[in-house]
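Novice: Dropping a structure here in structure tokens format, bear with me for questions.
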Amino acid sequence: MKVSGWIAACALSAAGLVGFSAPPAAADITGSVTLEGEAPEMEELEAMQGKPECAELHAEPVVDDRVIVGEGGELVNVVVSLKRADGGELTGEIPQEPAVLDQVGCMYVPHVVAAMVGQQVLAKSQDDFAHNVHPVPFENEEQNIAFIGVDQEGKELGPYQTPEKFQTECNVHPWMKARICVFPHPYFAVTGEGGTYTIPTAGLEDGEYVVMFWHEVFAHEGDGVEGPTITVENGAAEVDAFSLSAEAAAAQADEVEGDVQLASLETAAPEAGAPASKERCTAGGECCKKAKPAKEAEAVEAVADATGREE
Ligand SMILES: [Cu+2]
366 MKVSGWIAAC ALSAAGLVGF SAPPAAADIT GSVTLEGEAP EMEELEAMQG KPECAELHAE
426 PVVDDRVIVG EGGELVNVVV SLKRADGGEL TGEIPQEPAV LDQVGCMYVP HVVAAMVGQQ
486 VLAKSQDDFA HNVHPVPFEN EEQNIAFIGV DQEGKELGPY QTPEKFQTEC NVHPWMKARI
546 CVFPHPYFAV TGEGGTYTIP TAGLEDGEYV VMFWHEVFAH EGDGVEGPTI TVENGAAEVD
606 AFSLSAEAAA AQADEVEGDV QLASLETAAP EAGAPASKER CTAGGECCKK AKPAKEAEAV
666 EAVADATGRE E
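In case it helps, the working numbering puts the sequence shown at residues 366 to 676.
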């Protein structure tokens with residue numbers, strides 16, 4: 366699949382925003398992730414045409430950014446994290462740098478943000494019109510933050526208290542969705558352009574760890590697919606290049622009736638009278654739980670509150 370210039374630029378920018386573009390320190394853990402098999406063709410975000418303030422910022426049609434794959438299968442927005450091989454609890458110091466979710470041309474950049482419990486998370490905007498950032502966590506506190514224009518300093522999301530993965534959305538521009546992944550430790554990274562990642566290892570004890578690979582579409586149960594077990598010594602370890610399988614994800618989705626369909630990448634809401642979401646949502650994982658209703662009116666209200674006037 367061809368990666369559009371816009372998406373590639375976003376991915377690059379995303380890597381920069383979350384601080385993974387700096388050359389890795391000698392002792393960090395680095396690696397790369399590819400997608401094995403055929404990537405689904407991502408659809409154009411046609412709804413954007415209904416919002417001229419967004420559409421006019423793009424020379425070319427913008428496509429759904431849930432799957433970004435390079436020419437060689439390089440998979441962007443994979444959350445790579447460590448867990449202790451002995452099953453013990455992994456902790457560490459809260460990163461000093463905030464995690465950042467930006468709004469650029471009515472798209473979230475990056476599409477996936479990872480943060481540690483207690484870490485500062487900022488939402489910014491480069492767009493000179495209204496957005497709202499509406500995270501819908503299951504365990505952490507729900508927020509609905511209005512933006513009325515460009516905001517380079519950012520407004521605070523969280524800090525989150527409970528590890529989980531959830532969606533954030535904009536109720537003014539319904540295609541705007543991002544994922545926020547909260548960890549109880551600082552040993553995680555998100556793949557950028559080229560499918561590469563760098564996990565900072567300051568404070569990481571020597572020992573055996575399992576590398577986990579999570580992706581919104583291809584590996585979205587818990588912390589994702591289990592990768593290799595590695596031996597960390599002085600903060601460094603060798604990790605082989607890793608592949609996630611497009612076919613395995615599709616097969617898993619097929620097993621669950623009415624659930625995630627990779628062709629359209631739609632997440633179906635449970636039907637009335639359907640069993641509790643847990644069984645139905647095997648393929649969708651935590652993020653498949655029924656999202657809270659998103660109403661444009663709520664967003665307009667939030668914006669009105671922020672500006673102190675009726676919209
Ligand atoms: Cu918006």
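Positions of the beta carbon are idealized from the N, C-alpha and C atoms, including for glycine.
From Arg645 to Lys530, what distance separates their C-alpha atoms?
Specialist: Interpretation of Arg645 is limited by its pLDDT of 28, a score under 50 that renders its predicted location unreliable; the figure taken from the coordinates is listed afterwards. Approximately 18 Å, taken between the alpha carbons.
Novice: Return the CA-CA distance between Glu598 and Gln461, expressed in angstroms with no decimal places.
Specialist: So the two alpha carbons sit approximately 24 Å from each other.
Novice: Between Asp493 and the rest of its own chain, which residues show a CB-CB distance below 6 Å, the 5 nearest in sequence each way excluded?
Specialist: The residues are Gly514 and Val515.
Novice: Nearest to Glu612 by CA position, among Gly396, Ile394 and Glu403, is which residue?
Specialist: The residue with the shortest Cα to Cα distance from Glu612 is Glu403.
Novice: Among Leu609, Phe607 and Thr596, which one has its Cα closest to the Cα of Asp451?
Specialist: Comparing Cα-Cα distances from Asp451 to each of Leu609, Phe607 and Thr596, the minimum goes to Thr596.
Novice: So, for Glu622: in the same chain, excluding its five sequence neighbours on each side, which residues have a beta-carbon less than 7 Å away from its beta-carbon?
Specialist: Residue placement at Glu622 cannot be trusted, given a pLDDT of 38 that sits under 50; the coordinates are not used to answer.
Novice: Could you give the DSSP three-state label for Pro417: helix, strand or coil?
Specialist: It is helical.
Novice: Can you find the residues in the same chain that come closer than 6 Å, C-beta to C-beta, to Phe583, ignoring five residues on each side of it along the sequence?
Specialist: Excluding sequence neighbours, Phe583 sits near Leu609 and Ala614.
Novice: Can you check whether the CB of Asn442 is closer than 8 Å to the CB of His538?
Specialist: No, they are not a contact pair.
Novice: What first and last residue would you give for the beta strand (DSSP E) that runs through Asp467?
Specialist: Where Asp467 is concerned, the enclosing beta strand (DSSP E) stretches over Ala464 to Val469.
Novice: Rounded to the nearest angstrom, what separates Gln485 and Glu425 at their Cα positions?
Specialist: Cα-Cα distance, rounded: 34 Å.
Novice: How long is the line joining the alpha carbons of Asn509 and Gln532, rounded to whole angstroms?
Specialist: Cα to Cα, Asn509 sits roughly 12 Å from Gln532.
Novice: Note down, in chain order, each residue of its chain lying with its Cβ closer than 8 Å to the Cβ of Gln468, except the 5 sequence neighbours on either side.
Specialist: So the qualifying residues of the chain are Val474, Ala488, Lys489, Ser490, Gln491, Asp492, His496, Val498, Phe512, Cys535 and Met541.
Novice: Quick check on the burial criterion: 16 or more other C-beta atoms within 10 angstroms. Buried or exposed for Ala543?
Specialist: Ala543 comes out buried.
Novice: Below 8 Å on the Cβ atoms is my contact criterion, and I expect Thr399 with Glu439 to pass it. Report the Cβ-Cβ distance as a whole number of Å.
Specialist: The Cβ separation is near 6 Å, so the contact holds.
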